[in-house]
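Okay, structure first, notes after.
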Amino acid sequence: MQPSQHNDIGPAVLQIQTALNLAGPSRLPRLPVDGTFGALTVGRVMEFQFQNHLTVDGVVGPATAAKLPQDQTGNNQEPEQPAGRSILVNLFDGELTAFEDGEPTLNISPVIGGRPGFLSSIGVFPMTPRRLREHSSGEFPSASGKRNMDFSLFYHGGEAIHQGNPNTASHGCIHVGPPFAERLFDWAGNTDIWVIVMR
């Protein structure tokens, strides 16, 4: 299997998609086997890498390829049904999709991540219990003194998905515009969620 990454197309991607569909449990939907390494394929690769303790970068290089099921010929195995909640943050295209048991429940666009020097971390992150309906950044307070991080869903250190201008890059967080930030916050509740961030 040749190394593959976002926007690649062809037979190697078909193999990767087929293998990922048979590679065990997922919180994301079953992949269409179309030979296009799109955002959903990147998300599934990152999830697989996280579950297998590999470097989570969304690229199928030698280490990831070695862990994928290698021979699908004559394999009639049905993929496991997706289970659980996840949020796929696609900073390539400025989109966020919330999934429950593999089904999209919220599609939000535009969203934006961190500016140069403050890029959003990429990877798979179990969302922390720190979820704040009203919040202000202590590190980057607003000039006006108003709350600037309402509907915060923290997932990696001080990084959170929160209400913000989706056209203005952040200090590492994911900005989601109103009213979508509140909808996402209410959907998240206190449940177990994986946040998958790609750029």
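If you read the sequence shown in our numbering, its first letter stands for residue 1032, the second for the next number, and so on.
Beta carbons: idealized from backbone N, C-alpha and C, even for Gly.
What you are looking at is a predicted structure, and each value in this text was computed from that prediction instead of being measured.
query                                                                                                                                                  : result
According to the Cβ coordinates, are G1144 and L1122 closer than 8 angstroms?                                                                          : yes
In angstroms, rounded to a whole number, what distance separates the CA positions of P1063 and V1076?                                                  : 14 angstroms
Beta-carbon separation of F1079 and L1053 under 8 angstroms?                                                                                           : no
According to DSSP, simplified to helix, strand and coil, what is P1042?                                                                                : helix
Give the single residue among P1197, E1131, H1084 whose Cα lies nearest to the Cα of T1222.                                                            : E1131
Here's the rule: buried if 16 or more other CB atoms are within 10 angstroms of the residue's CB, otherwise exposed. What is R1164?                    : exposed
Of the residues F1156, A1191, S1035, which one's Cα is nearest the Cα of G1092?                                                                        : S1035
For E1109, does the count of other Cβ atoms within 10 angstroms reach 16, so buried, or fall short, so exposed?                                        : exposed
Rounded to a whole number of angstroms, what is the C-alpha to C-alpha distance between Q1112 and P1135?                                               : 14 angstroms
To which residues of the same chain is A1094 closer than 8 angstroms at the C-beta, ignoring the five residues directly before and after it?           : L1085, T1086
Under a three-way DSSP split, which group does V1228 fall into?                                                                                        : strand
Return the CA-CA distance between S1201 and D1124, expressed in angstroms with no decimal places.                                                      : 16 angstroms
When you compare each of V1155, L1045, A1097 to F1068 by their alpha carbons, which one comes out closest?                                             : L1045
Using the rule of at least 16 other Cβ atoms within 10 Å of the residue's Cβ for burial, across every protein chain shown, is A1114 buried or exposed? : exposed
Starting from Q1194 and walking both ways along the beta strand (DSSP E), at which residues does that stretch end?                                     : 1190-1194
Pick helix, strand or coil for F1068, following the three-state DSSP scheme.                                                                           : coil
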